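Protein chains in written order, with this note's numbering: chain A, 1 to 113; chain B, 114 to 227.
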């Protein structure tokens, strides 16, 4: 089963608006990562946040992590048509000798021009 | 370009057949991950190798096997193929044994079993 679950499954917003996607996970983590996937193509790493961090920024991206709630959010500000893609959170379990990166089911983001 | 190369890009084969998917990681990356992405199952972790050794195993079927060679390229072998094996298969690489840094994904191999 998936470690992470994204919410919502699909999101459609107007260009220029902010998009927020949430991720919940089940076990304690070493870090949480967000990836983006354009239709049928490979995943591109966006940002990594470690378990001892609460917030991280990269350009128009803002990621928060709440380990007490086992949740993370990805905020894309001032969205653009080119941001249309699927977004996945991925977790690496804590204290695991097996270094799996487990992906959630993803959020499909559509930006309306 | 992520630096990870997967071949072939597309593969169409019949049920019962065997195929080999190939992955060349980024230069210097020791870890290789394989994932299967299908419409109804999302992105499923299959297996990870680090410097030639298997490090982690996910939901990989017994009909599937993988290996990483001394030059660090990896192959995923899929045998006795079934219609349900049709999916995108991704390879990713990273420099660390534990993924404390980002993983770089190839463009995938789209496998269609007919």
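Backbone N, C-alpha and C define an ideal beta-carbon position, used for all residues, glycine too.
Predicted model, so just to flag it, every value in this text is computed and none were measured.
Exercise. Compare the Cα-Cα distances from residue 190 of chain B to each of B/124, B/131, B/156, B/120 and report the closest residue.
Key: Residue numbering aside, residue 190 of chain B sits at position 77 when the second chain is read from its first letter. Shortest Cα-Cα distance from residue 190 of chain B to any of B/124, B/131, B/156, B/120 involves B/131.
Practice problem: Return the bridge partner residues of residue 10 of chain A from the DSSP annotation. | Solution: Counted from its first residue, the first chain places residue 10 of chain A at position 10. Paired residue(s): A/108.
Quiz item: Would residue 114 of chain A pass as a contact of residue 161 of chain B if the rule is Cβ separation under 8 Å?
Solution: A query on residue 114 of chain A cannot be resolved here, the shown segment of chain A reaching from 1 to 113 and no further.
Exercise. Output, in chain order, the set of chain A residues within a Cβ distance shorter than 7 Å of residue 156 of chain B.
Key: If you number the second chain from 1, residue 156 of chain B lands on position 43. Chain A residues near residue 156 of chain B: 88, 103.
Practice problem: Establish whether the CB of residue 9 of chain A and some CB of chain B are separated by less than 8 Å. | Solution: Position 9 of the first chain, counted from the first residue, corresponds to residue 9 of chain A. Taking Cβ atoms only, chain B never reaches closer than 8 Å to residue 9 of chain A, which makes this a no.
Quiz item: Is the distance from the Cβ of residue 214 of chain B to the Cβ of residue 125 of chain B below 8 Å?
Solution: Here residue 214 of chain B refers to the residue found at position 101 of the second chain. Here residue 125 of chain B refers to the residue found at position 12 of the second chain. No, these two residues do not count as a Cβ contact at 8 Å.
Practice problem: Spell out whether any CB of chain B is found under 8 Å from the CB atom of residue 41 of chain A. | Solution: Along the first chain, one-based indexing puts residue 41 of chain A at 41. Chain B contact via Cβ: present.
Quiz item: Which residues, in order along the segment 25-41 of chain A, keep a beta-carbon less than 9 Å from a beta-carbon of chain B?
Solution: Taking 9 Å as the upper bound on Cβ-Cβ separation, chain B lies near residues 30, 31, 33, 35, 37, 40, 41 of the segment 25-41 of chain A.
Practice problem: May I ask you to list, following chain order, the residues of the segment 169-180 of chain B that have a beta carbon less than 8 Å from some beta carbon of chain A? | Solution: Cβ contacts with chain A: 169, 170, 171.
Self-check item: Contact belief for residue 90 of chain A with residue 102 of chain A at Cβ below 8 Å, rounded distance in angstroms
Solution: Along the first chain, one-based indexing puts residue 90 of chain A at 90. Along the first chain, one-based indexing puts residue 102 of chain A at 102. Contact check for residue 90 of chain A and residue 102 of chain A: beta-carbon distance about 6 Å, within the 8 Å limit, so the pair qualifies.
Exercise. Label residue 138 of chain B either buried or exposed according to how many other C-beta atoms from any shown protein chain fall within 10 Å of its C-beta, with 16 as the threshold for buried.
Key: The count along the second chain starts at 1 and reaches residue 138 of chain B at position 25. Flag for residue 138 of chain B reads buried.
Self-check item: Any chain B beta carbon closer than 8 Å to residue 57 of chain A
Solution: For this step, residue 57 of chain A is matched to residue 57 along the first chain. Not flagged as an interface residue toward chain B: residue 57 of chain A, since no C-beta distance is shorter than 8 Å.
Quiz item: What is the residue span of the beta strand (DSSP E) that residue 125 of chain B lies within?
Solution: Within the second chain, residue 125 of chain B is the residue found at index 12, counting from 1. In the DSSP annotation of this structure, the continuous segment of the beta strand (DSSP E) that includes residue 125 of chain B starts and ends at 123-126.
Quiz item: How is the beta strand (DSSP E) around residue 57 of chain A delimited, first residue to last?
Solution: Position 57 of the first chain, counting from 1, holds the residue named residue 57 of chain A. Where residue 57 of chain A is concerned, the enclosing beta strand (DSSP E) stretches over 55-58.
Quiz item: Going by other Cβ atoms of all chains shown within 10 Å of its Cβ, with 16 needed for buried, is residue 93 of chain A buried or exposed?
Solution: What you label residue 93 of chain A is simply residue 93 of the first chain in a count that begins at 1. Buried is the call here.
Quiz prompt | Contacts that residue 69 of chain A makes with chain B (C-beta to C-beta distance below 8 Å) | solution = By 1-based counting over the first chain, the position of residue 69 of chain A is 69. None at all; the shortest Cβ gap to chain B is about 22 Å.
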